[in-house]
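The numbering of the sequence shown is the working numbering, which starts it at 6 and goes up by one.
Okay, structure first, notes after.
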Amino acid sequence: MTNYTVVIVAAGQGKRMNAGRNKQFLMIGEHPLIVHTLKAFTEDKKCREIILVTNEADEKDMEELIMRYHFRKVRVVYGGKERQDSVYQGLLAVSDPSCPVLIHDGARPFVKRKNVHELVEKIEESGAALLAVPVTDTVKQMKDGKLETLNRDYLWAAQTPQGFSYDMIRQAHEKARENGFYATDDAALAESFGHNVSIVHGNYDNIKITTPEDLQKASAYVKK
Ligand SMILES: Nc1ccn([C@@H]2O[C@H](COP(=O)(O)OP(=O)(O)OP(=O)(O)O)[C@@H](O)[C@H]2O)c(=O)n1
Ligand SMILES: C[C@](O)(CO)[C@H](O)COP(=O)(O)O
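If you want it as structure tokens, here you go:
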């Protein structure tokens with residue numbers, strides 16, 4: 006398996022967490038959220054470079070964490086208004102465009118190395134892939150007053166990391182910026198650019214910490 010780069014986006018506001026500060030610094034067990042996420046990659050020999058995208062206001066605290074935990078291979082850059090803008094800033098900072106690039110939410114601390122490696126192998130085969138899990142609820146679509154039940158056999162919940170060959174995802178981001186197109190994940194940009202994106206079956210533990218309830222679940226998970 007080849008080496009890879011990861012862009013970790015952590016420049017959000019954490020509004021739905023309502024903690025009065027960026028949720029990335031909230032404690033899960035003994036460590037801040039973002040430290041759990043960083044460790045998933047700093048401890049992986051296949052990960053060559055980590056671009057950590059942060060807010061200007063959080064830069065000092067992020068640098069302090071990086072020093073305290075002796076994290077190597079991490080470079081900090083500033084993000085943008087939307088998640089997609091932050092990813093783009095991260096992509097601009099990547100040193101080696103010949104490696105596949107993974108894009109990961111700082112807010113997903115429990116990604117498993119096995120899944121990351123399966124993802125990188127799939128990107129080597131097909132150029133673009135994401136971790137996702139089959140949806141377990143019945144999903145309804147309400148549009149123009151009409152309710153429809155979507156066929157669950159075809160539905161997957163998208164997670165991160167999502168990974169791509171560097172040139173392809175950078176071009177997809179640039180095209181989206183030209184057209185003012187915003188999507189909630191990076192795979193959607195590759196799809197809109199006409200690329201096939203493969204799914205790698207992820208893990209239900211790879212949750213995104215979005216609300217106070219997620220933080221409680223995460224704390225229970227690390228205790229276990
Ligand atoms: N302008 C932004 C917005 C989001 N993110 C990052 O994208 C990930 C997924 O976003 P989300 O969970 O929505 O985080 P927040 O934007 O912080 O939360 P909220 O939407 O509740 O404000 C997070 O790691 C977040 O820090 C980012 O880097 N830059
Ligand atoms: C990219 C993502 O994690 C896929 O599930 C998700 O869309 C990002 O979260 P947001 O709340 O849409 O920023």
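Ideal Cβ positions, reconstructed from N, Cα and C, are used throughout, including at glycine.
For this session: With a threshold of 6 angstroms, establish whether the CB of A163 neighbours any heavy atom of ligand 2.
Result: Residue mapping note: residue 163 aligns to position 158 of the sequence shown, counting from 1. Yes - ligand 2 has a heavy atom lying nearer than 6 angstroms to the Cβ of A163.
Problem set entry | Separation of V40 from G111, as counted between CA atoms | Here the question's residue 111 lines up with position 106 in the sequence shown. Here the question's residue 40 lines up with position 35 in the sequence shown. When rounded, the distance between both Cα atoms is 9 angstroms.
Exercise. Per DSSP, M32 forms a beta bridge with which residues?
Worked result: Counted from its first residue, the sequence shown places residue 32 at position 27. Answer is P37.
Exercise. CA-CA distance, K44 and E153?
Worked result: Start at 1 with the first residue of the sequence shown, and residue 44 comes out as number 39. Start at 1 with the first residue of the sequence shown, and residue 153 comes out as number 148. Computed Cα separation, rounded: 42 angstroms.
Problem set entry | Limits of the unbroken alpha helix (DSSP H) element including M22 | Against the sequence shown, residue 22 aligns to sequence position 17. Looking at the DSSP string, M22 is not in any alpha helix (DSSP H), and its letter there is neither H nor E.
Exercise. Hey, is G84 close to ligand 1, as in C-beta under 6 angstroms from one of its heavy atoms?
Worked result: Locating residue 84 in the sequence shown gives position 79, counting from the first residue. At least one heavy atom of ligand 1 is nearer than 6 angstroms to the Cβ of G84, so yes.
Exercise. In whole angstroms, what separates the C-alpha of V202 from that of A195?
Worked result: In the sequence shown, residue 202 corresponds to position 197, counting from 1. In the sequence shown, residue 195 corresponds to position 190, counting from 1. Cα to Cα, V202 sits roughly 7 angstroms from A195.
For this session: Measure the C-alpha to C-alpha separation of D217 and N23 and round it to an integer number of angstroms.
Result: Numbered from its first residue, the sequence shown carries residue 217 at position 212. Numbered from its first residue, the sequence shown carries residue 23 at position 18. In the sequence under discussion, the amino acid at residue 217 is Pro, which differs from the Asp named in the question. Cα-Cα distance, rounded: 8 angstroms.
For this session: Could you tell me whether the region 122-139 touches the region 62-78, using the rule of 3 or more Cβ pairs below 8 angstroms?
Result: no
Exercise. Which one or two residues does DSSP pair with L136 in a beta bridge?
Worked result: Here residue 136 is taken as the residue at index 131 of the sequence shown, counted from 1. L136 pairs with V205.
For this session: Could you tell me which uninterrupted alpha helix (DSSP H) segments, each at least 4 residues in length, are contained entirely in the region 157-228, listed from first to last along the chain?
Result: 171-184, 191-197 and 217-228
Problem set entry | First and last residue of the uninterrupted beta strand (DSSP E) at R80 | Position 75 of the sequence shown, counting from 1, holds the residue named residue 80. Unbroken beta strand (DSSP E) run through R80: V79 to Y83.
Problem set entry | ligand 2 heavy atom lying under 6 angstroms from the CB of D190 | In the sequence shown, residue 190 corresponds to position 185, counting from 1. D190: yes, Cβ under 6 angstroms from ligand 2.
Exercise. How is the alpha helix (DSSP H) around Y74 delimited, first residue to last?
Worked result: Taking the first residue of the sequence shown as position 1, residue 74 is located at position 69. Careful: Y74 lies outside any alpha helix (DSSP H) and carries neither H nor E.
Exercise. By a C-beta neighbour count over all protein chains shown, 10 Å radius and 16 as the cutoff for buried, is T42 buried or exposed?
Worked result: As a first step, residue 42 is located in the sequence shown; it is residue number 37 there, counting from the start. It is buried - the Cβ of T42 has at least 16 other Cβ atoms within 10 Å.
Exercise. Between the Cα of Y83 and the Cα atoms of S100, D63 and L124, which residue gives the shortest distance?
Worked result: Here residue 83 refers to the residue found at position 78 of the sequence shown. Considering only alpha carbons, the answer is D63.
For this session: On a CA-only basis, which of M32, E48 and V92 is nearest K119? Give me that one, please.
Result: Numbered from 1 along the sequence shown, position 114 holds the residue referred to as residue 119. Checking every option, the nearest Cα to that of K119 belongs to E48.
Exercise. Any heavy atom of ligand 3 within a distance shorter than 6 angstroms of the CB on K213?
Worked result: Ligand 3 is absent from the structure shown, which contains only ligand 1 and ligand 2.
For this session: Could you tell me the boundaries of the beta strand (DSSP E) in which L107 lies?
Result: As a first step, residue 107 is located in the sequence shown; it is residue number 102 there, counting from the start. Residues V106 to D110.
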